[in-house]
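To keep things clear, I will list the structure first and then write my remarks on it.
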Amino acid sequence: DAKLYTKILARRLEGVLPCRVQSDQSGFIKGRQTHDNLRRVIHRIEKVAKKQVPAMPLALDAEKAFDRVEWSFLVATLRHFRVGEQFIAMVMSNYSSPRSRICVN
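Have a look at this one:
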C-alpha cells in the first residue's frame, strides 16, 4: 500500500528533519505548529510598532508546492543533505512511476 510505504519513509526522516529544516518551516515537522509562526509574526509586528520602524507585511502561500517540485531538484536536495542513495531510490520509486490498482468484487 502506497500510504503505508510513504509513512515508513516519513518516519525514517522524522529524526533528522528538525535539525535540517529551518525553524520557520512548521508544516510536516513533528513538534512544530503553525501557530508558532503566527506568534512570531505578531511579535515582529509589535517590535516594529514599538520602534516605529518603517515596514511592510508580506505573505507568501506555497500551497501544494510539493506537487510542483521538479524531481531532479528533490534528488539534488536529498543528496545535499547527505541522504543515502538507497533511501533516495526508495523515495523516487514511490513518486517517479506511481501505480494504482483497482480491485472489483
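Positions in the sequence shown are counted from 1; adding 188 to them yields my numbering.
Built from N, CA and C at the ideal position, the CB exists for glycine as well.
The structure presented is a predicted model; accordingly, all values stated were derived computationally and were not measured.
Worksheet item: On the three-state DSSP scale, how would you describe PHE216?
Response: The answer is coil: DSSP assigns PHE216 none of H, G, I, E or B.
Worksheet item: Which class does GLN274 belong to by DSSP, given the choice of helix, strand or coil?
Response: Here GLN274 carries a helix assignment [DSSP, helix/strand/coil].
Item to complete: Starting from SER211, trace the alpha helix (DSSP H) both ways and give me its first and last residue.
Response: SER211: not part of any alpha helix (DSSP H); DSSP gives it neither H nor E.
Worksheet item: Going straight from the alpha carbon of LEU225 to that of ARG232, what length do you get?
Response: For clarity, residue 225 is Asn in the given sequence; the question names Leu instead. Each residue's alpha carbon lies about 11 Å from the other.
Discussion item. Suppose contacts are defined by Cβ-Cβ distances below 9 Å. Is ILE276 in contact with VAL263 by that definition?
Written reply: Yes.
Practice prompt. Taking the CB atoms as reference points, tell me whether ARG220 and SER211 lie closer together than 9 Å.
Written response: Result yes, Cβ atoms of ARG220 and SER211 sit closer than 9 Å.
Discussion item. If I follow the unbroken alpha helix (DSSP H) through ALA190, where does it start and stop?
Written reply: Where ALA190 is concerned, the enclosing alpha helix (DSSP H) stretches over 190-202.
Practice prompt. Flag this pair as yes or no: are the beta carbons of MET278 and LEU197 separated by less than 9 Å?
Written response: MET278 places its beta carbon less than 9 Å from that of LEU197.
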